[in-house]
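Visitor: I have a structure here, written as C-alpha cells, and I will follow up with some questions on it.
Protein chains: 2
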Amino acid sequence: MHFTTTEENYIKAIYHLQQGTGNVSTNDLAAELSTKPASITDMLKKLTIKKLLRYERYKGVRLSNEGEKLALAIVRKHRLWEYFLVNTLEFGWDEVHEVAEELEHISSKKLVEQLDLFLGYPKFDPHGDPIPDSQGRMAVQQQINLIDLALDIPAEVCSVGSQSTELLEILKHKQLGIGTKLEVKRKFSFDHSIEIKMKSLPAITISQQLAQSLFVKTISND
Amino acid sequence: MHFTTTEENYIKAIYHLQQGTGNVSTNDLAAELSTKPASITDMLKKLTIKKLLRYERYKGVRLSNEGEKLALAIVRKHRLWEYFLVNTLEFGWDEVHEVAEELEHISSKKLVEQLDLFLGYPKFDPHGDPIPDSQGRMAVQQQINLIDLALDIPAEVCSVGSQSTELLEILKHKQLGIGTKLEVKRKFSFDHSIEIKMKSLPAITISQQLAQSLFVKTISND
DNA sequence: ACTTATTTTTAGACAAATCTAAATTTAAAT
DNA sequence: ATTTAAATTTAGATTTGTCTAAAAATAAGT
Numbered sequence: 000m001h002f003t004t005t006e007e008n009y010i011k012a013i014y015h016l017q018q019g020t021g022n023v024s025t026n027d028l029a030a031e032l033s034t035k036p037a038s039i040t041d042m043l044k045k046l047t048i049k050k051l052l053r054y055e056r057y058k059g060v061r062l063s064n065e066g067e068k069l070a071l072a073i074v075r076k077h078r079l080w081e082y083f084l085v086n087t088l089e090f091g092w093d094e095v096h097e098v099a100e101e102l103e104h105i106s107s108k109k110l111v112e113q114l115d116l117f118l119g120y121p122k123f124d125p126h127g128d129p130i131p132d133s134q135g136r137m138a139v140q141q142q143i144n145l146i147d148l149a150l151d152i153p154a155e156v157c158s159v160g161s162q163s164t165e166l167l168e169i170l171k172h173k174q175l176g177i178g179t180k181l182e183v184k185r186k187f188s189f190d191h192s193i194e195i196k197m198k199s200l201p202a203i204t205i206s207q208q209l210a211q212s213l214f215v216k217t218i219s220n221d
Numbered sequence: 000m001h002f003t004t005t006e007e008n009y010i011k012a013i014y015h016l017q018q019g020t021g022n023v024s025t026n027d028l029a030a031e032l033s034t035k036p037a038s039i040t041d042m043l044k045k046l047t048i049k050k051l052l053r054y055e056r057y058k059g060v061r062l063s064n065e066g067e068k069l070a071l072a073i074v075r076k077h078r079l080w081e082y083f084l085v086n087t088l089e090f091g092w093d094e095v096h097e098v099a100e101e102l103e104h105i106s107s108k109k110l111v112e113q114l115d116l117f118l119g120y121p122k123f124d125p126h127g128d129p130i131p132d133s134q135g136r137m138a139v140q141q142q143i144n145l146i147d148l149a150l151d152i153p154a155e156v157c158s159v160g161s162q163s164t165e166l167l168e169i170l171k172h173k174q175l176g177i178g179t180k181l182e183v184k185r186k187f188s189f190d191h192s193i194e195i196k197m198k199s200l201p202a203i204t205i206s207q208q209l210a211q212s213l214f215v216k217t218i219s220n221d
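Protein chains in written order, with this note's numbering: chain P, 0 to 221; chain U, 0 to 221.
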C-alpha cells in the first residue's frame with residue numbers, strides 16, 4: 000500500500016505524541032502539524048479507513064500495529080538520512096533536520112537498506128536518537144537529562160531537546176553542541192541552575208531551562 | 000521561488016522534448032506525462048504566469064531562460080543521484096531511474112553541492128548522460144550510435160536508448176549492458192543487422208533496431 | 001477552396017487536503 | 001446538577017491537479 004507525504008506526516012506526528020501514555024488529542028495534533036483541528040478530524044477518518052489507527056470520535060487516537068510499523072519505517076529513514084548527511088556529506092548536526100524531513104518520504108525499500116549497509120548499520124543518529132533497524136527494533140538510550148547528571152561525572156552531550164532557533168542560538172553562544180564533553184561542578188538549589196566545566200574553558204553557569212533541554216551520556220575518562 | 004513536484008515534472012518533460020528544434024506540442028507532452036491534453040493546457044497557463052515558459056495558444060511551448068535553468072537543476076540532481084546509487088550504494092545501472100525520479104525533487108541546494116563534492120564531481124551518469132555542473136554547463140558526449148561504429152574499433156557501451164522492460168530483457172539475454180566492451184565485426188546491408196564480438200564470448204548478431212538503441216564510445220585497446 | 005480530420009482549448013466536474021464558522025460533545029466549575 | 005468553558009466535529013467553501021465532453025482552431029485531402 001502507498002501513502003502520501005501528508006499521510007506519512009500525520010502518522011509520524013501521532014507516533015511522536017503518543018510516546019508513553021494515553022491517546023493523542025486532536026488539538027495536540029493540530030499544534031504539532033500547524034493545521035486546524037478540523038483538518039485533523041478529516042484526516043483521522045481517512046487514516047482509520049486505511050487501518051493505520053484506532054480512532055473514536057471525541058476520544059482521541061492511537062496508532063494500530065500497521066500504523067506503528069509505518070511510523071517506525073519513516074523514523075528509520077529520517078534518522079538514517081540525518082546520519083548520512085552529517086557523516087558522509089559533512090553537514091552540521093543542526094542543519095540536517097529539514098532536509099531529512101524531505102528525504103524520509105522517498106519510498107524505495109532497497110534505497111534504505113543499501114544506505115544502512117553503506118553507513119555501517121549505525122545505532123544512533125547525530126542527535127543521539129536511536130535508529131530503528133529494518134524490523135523496527137531500536138537500541139535503548141542510556142541518555143539522561145543534564146539536570147540529573149551527578150557531580151564530577153564526565154559526560155558527553157548527545158541530544159538536544161528541540162531544534163528551535165532560540166535554543167540553537169544560546170547553545171552556539173555558550174559553545175555547547177552535540178559531542179561536547181563536560182562535567183557538572185555545582186548545583187544551586189535556589190534556581191536549579193548548574194555550573195558546568197568543559198575542557199580548556201572556564202566553568203560556566205547554565206539555567207535550569209537550558210540544562211533540561213540537554214541530554215548526555217556518561218563517558219569513561221580517558 | 001518554490002515549485003511543486005508536478006510542476007517540476009512538466010518542466011523536465013518539456014526540456015527533454017524540446018531538445019533540438021521547434022516548439023513542444025500539447026499532445027506530445029500529454030503522451031510523455033501520461034495525462035490528457037486538457038490537463039496540459041491548464042498547467043501550461045499556470046507555468047506561463049510563473050514565467051518558466053513561453054506559450055501561445057495552439058502554437059506549442061518552449062522553456063524560458065528561467066525554465067531551462069530549472070530543468071538543468073532537476074536533470075543535475077537526477078543524474079547525480081543515479082551516480083550515487085550505482086557507485087556508492089551498489090545499485091545496478093538498470094534499477095536507479097525510478098528512485099532518482101523521486102530524489103530529484105529534494106530541494107536542498109546544499110545537499111546537491113555536498114553530494115557532488117562527495118562523488119568527486121562526476122561528468123557522466125551511469126547511463127552515459129552528462130551531468131550538468133552547478134552552473135548548468137555539461138560535457139559534450141562523444142558517444143556514437145552503435146550502428147555507426149566502424150569495424151574492428153574497440154568500444155564500450157555507455158548509454159542505452161530507453162529504459163523499457165522489453166529493451167532491458169533482450170539486453171540481459173544477450174549479456175549486453177552499460178560498460179560492455181565490444182567490436183563490430185561485420186555489417187549486413189540486407190537488413191542492417193551487425194555482428195559484434197565481446198571478449199571471451201562467441202560473436203553474435205544483433206538487429207538494426209537493437210544496435211540503434213545502444214550508444215558507445217571508442218576505447219584505447221589496452 | 002471546401003470539407004474532413006486532427007489538435008488544442010474551454011467549460012464544468014471531481015478528489016485531496018485544507019480552511020472558516022457553526023454545531024455538538026465532553027470536561028470543569030460553581 | 002446546571003451552567004460555562006474547552007475541545008471536537010460537521011458543513012460548506014477553496015485550491016491544486018486532474019478528468020470528460022463539447023467547442024474552437026489548425027492542418028490535411030481532394
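Cβ coordinates follow ideal geometry from the N, Cα and C atoms, glycine included.
The structure presented is a predicted model; accordingly, all values stated were derived computationally and were not measured.
Quick check: L88(P) and L118(P), are their CB atoms within less than 8 Å of each other?
Guide: Cβ distance not < 8 Å, so L88(P) and L118(P) don't count as in contact.
Visitor: Would you tell me roughly how many angstroms separate the C-alpha atoms of L28(U) and P36(U), rounded to the nearest one?
Guide: 8 Å
Visitor: Report the start-end ranges of each beta strand (DSSP E) in the region 8-68 of chain P that is 3 residues or longer and not cut off at the edges.
Guide: 52-54, 60-62
Visitor: In the DSSP assignment, find the unbroken beta strand (DSSP E) run with V98(P) in it and report its ends.
Guide: Not the beta strand (DSSP E): V98(P) falls in the alpha helix (DSSP H), residues 96-102.
Visitor: Go ahead and pull the three-state DSSP assignment for T217(U).
Guide: strand
Visitor: Which residues, taken in chain order from the region 73-98 of chain P, show a beta carbon closer than 9 Å to some beta carbon of chain U?
Guide: Result list: L84, T87, L88, E89, F90, E94, E97, V98.
Visitor: Given a threshold of 16 other Cβ atoms within 10 Å of its Cβ, counted over all protein chains shown, does K198(U) qualify as buried or as exposed?
Guide: exposed
Visitor: Establish whether the CB of L114(U) and some CB of chain P are separated by less than 8 Å.
Guide: Closer than 8 Å: yes.
Visitor: So what does DSSP say about L88(P), is it helix, strand or coil?
Guide: Of the three classes helix, strand and coil, the one that applies to L88(P) here is coil, per DSSP.
Visitor: Bridge partners of K186(P), per DSSP?
Guide: I193(P)
Visitor: Run down chain U in chain order and give the residues with a C-beta less than 8 Å from the C-beta of S107(P).
Guide: E97, V98, E101
Visitor: Closer than 8 Å, CB to CB, is F189(P) near chain U or not?
Guide: no
Visitor: Report buried or exposed for K44(U), applying the criterion of at least 16 other Cβ atoms within 10 angstroms of its Cβ.
Guide: Burial state of K44(U) is exposed, judged by a 10 Å Cβ sphere holding fewer than 16 other Cβ atoms.
Visitor: Against F117(P), what residues of chain U qualify as contacts under a CB-to-CB distance less than 9 Å, listed in chain order?
Guide: Result: T87, L88, E89.
Visitor: At which residue ranges does the region 132-191 of chain P contain complete beta strand (DSSP E) runs of 3 or more residues, listed in the order of the chain?
Guide: Whole beta strand (DSSP E) segments, 3+ residues: 154-159, 180-186.
Visitor: Go to D115(U), then tell me how far its alpha helix (DSSP H) extends in each direction, as first and last residue.
Guide: The continuous alpha helix (DSSP H) containing D115(U) extends over residues 108-118.
Visitor: Would you mind working out which of E168(U), K58(U), E65(U) sits nearest F2(U), comparing C-alpha positions?
Guide: When the alpha-carbon of F2(U) is set against those of E168(U), K58(U), E65(U), the nearest one is in E65(U).
Visitor: DSSP on T204(U), reduced to helix/strand/coil?
Guide: T204(U) falls in the strand class under three-state DSSP.
Visitor: F83(U) by DSSP, collapsed to three states: which one?
Guide: In the structure shown, F83(U) sits in a helix (DSSP, three-state: H, G or I).
Visitor: Taking the alpha-carbon positions, what's the L46(P) to A138(U) distance?
Guide: 48 Å
Visitor: Bridge partners for P129(U) per DSSP, in chain order?
Guide: F123(U)
Visitor: Drop a sphere of 10 angstroms on the beta-carbon of Q142(P), count the other beta-carbons inside from all chains shown, and report buried for 16 or more, exposed for fewer.
Guide: buried
Visitor: Hey, would you say I130(U) sits closer than 8 Å to T217(U), going by beta carbons?
Guide: no
Visitor: Taking 8 Å as the threshold (C-beta atoms), are V23(U) and V60(U) in contact?
Guide: For the pair V60(U) and V23(U), the CB atoms are nearer than the 8 Å cut-off.
Visitor: Assuming S63(U) and K50(U) are in contact, meaning their beta carbons sit under 8 Å apart, how far apart are those beta carbons, in whole angstroms?
Guide: Contact between S63(U) and K50(U) holds: their C-beta atoms lie close to 6 Å from each other, under 8 Å.
Visitor: What does the alpha-carbon distance come out to for the pair E6(U) and S161(U)?
Guide: When only Cα atoms are considered, E6(U) and S161(U) end up about 23 Å apart.
Visitor: Quick one: Cα of Q140(P) to Cα of V159(P), how far?
Guide: Going by the C-alpha atoms only, they are around 14 Å apart.
Visitor: Assuming G176(U) and L170(U) form a contact by the criterion Cβ under 8 Å, report the distance between their Cβ atoms to the nearest whole angstrom.
Guide: 6 Å
Visitor: For A202(P), which residues in the same chain have their Cβ closer than 8 Å to its Cβ, ignoring the five residues on either side in sequence?
Guide: K184, E194, I195, K196
Visitor: Contact check, K125(P) vs E81(P) under 8 Å by CB: the rounded distance?
Guide: Reading the sequence as shown, one finds Pro at residue 125(P) and not Lys. Confirmed, Cβ separation roughly 5 Å.
Visitor: Should L116(U) go down as buried or exposed, given a rule of 16 or more other Cβ atoms within 10 Å for buried?
Guide: exposed
Visitor: For K198(P), name the three-state secondary structure that DSSP assigns.
Guide: In the structure shown, K198(P) adopts coil according to DSSP, grouped into three states.
Visitor: Determine, using beta carbons only, whether S192(U) and Q174(U) come nearer to each other than 8 Å.
Guide: Taking 8 Å as the cut-off, the beta carbon of S192(U) is found no closer than this to the beta carbon of Q174(U).
Visitor: Give the residues of chain P in contact with L200(U), contact being defined as C-beta atoms less than 8 Å apart.
Guide: Those within 8 Å of L200(U) in chain P number zero; the least Cβ separation is about 30 Å.
Visitor: Taking only beta-carbon atoms, is L28(P) less than 8 Å away from chain U?
Guide: no
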